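Numbered by the UniProt record's numbering, the letters in the sequence shown go through residues 1 to 164 in order. Quick reminder that beta carbons are idealized off the backbone N, C-alpha and C, glycines included. Small disclaimer: the values here were computed from a predicted structure and weren't measured.
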Amino acid sequence: MSLVVPPYPPPRYTKDEPEISAWLKRADQPPDYETSGVKYHYLANQQDTAGDYGLYRVDIAPAGGGPPAHFHRAMSEAFFVLSGTMKLYDGTQWADGHQGDFLYVPPGGVHGFRNEADEPASVLMLFAPGAPREAYFEGFAALADMTDDERREWFIRHDNFWVQ
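So this is what it looks like as structure tokens:
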């Protein structure tokens, strides 16, 4: 049996010498944004990664909810349960996701996540390529003041398409 290894992508760093460009975010930092029992820690956003990906830690209060079934056209998304129990929707069923469970969603894949448990839950949320999702999460408060058409346009602008 021979192992066929796909090729690596072409080099993106082409200087002769390495550089000091790594950075560290500590776990004890306060959340970047907090609303309605949900704390968003923007570990790496679109600007930080030159558009490669975004990575957030999302801490959800007990029975803190989450979005219903939806999909994205421009990005894939992945969820890794850090603690607690999250309901994860894979397009066919809602299942309990426990610490260490992982859900990958390609572009166009129907999915959802929420915390229905009586305990807090935390999840790592990865999306690629990077997108300005901070504006999406921080913009929820303004939805109440929008018309139905404005809300629909806002969700489309943020690559969020609800499944009925």
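query = CB V163 to CB H70, shorter than 8 Å?
reply = yes
message = Checking the sheet assignment: what are the DSSP bridge partners for A50?
response = BP columns for A50 are empty, so no partner.
key: Sequence-distant residues of its chain with Cβ nearer than 7 Å to D96 (five each side left out)   = T85, K87
ask   = Where DSSP assigns a beta bridge to G97, which residues make up the other side?
value = M86
query = Starting from R114 and walking both ways along the beta strand (DSSP E), at which residues does that stretch end?
reply = 112-114
request  = Verify whether the separation of the beta carbon atoms of V58 and V81 is less than 8 Å.
outcome  = no
request  = Just mark F140 as buried or exposed, buried being the case when its beta carbon has 16 or more other beta carbons within 10 Å.
outcome  = exposed
query = Are the beta-carbon atoms belonging to Y53 and A128 less than 8 Å from one another?
reply = yes
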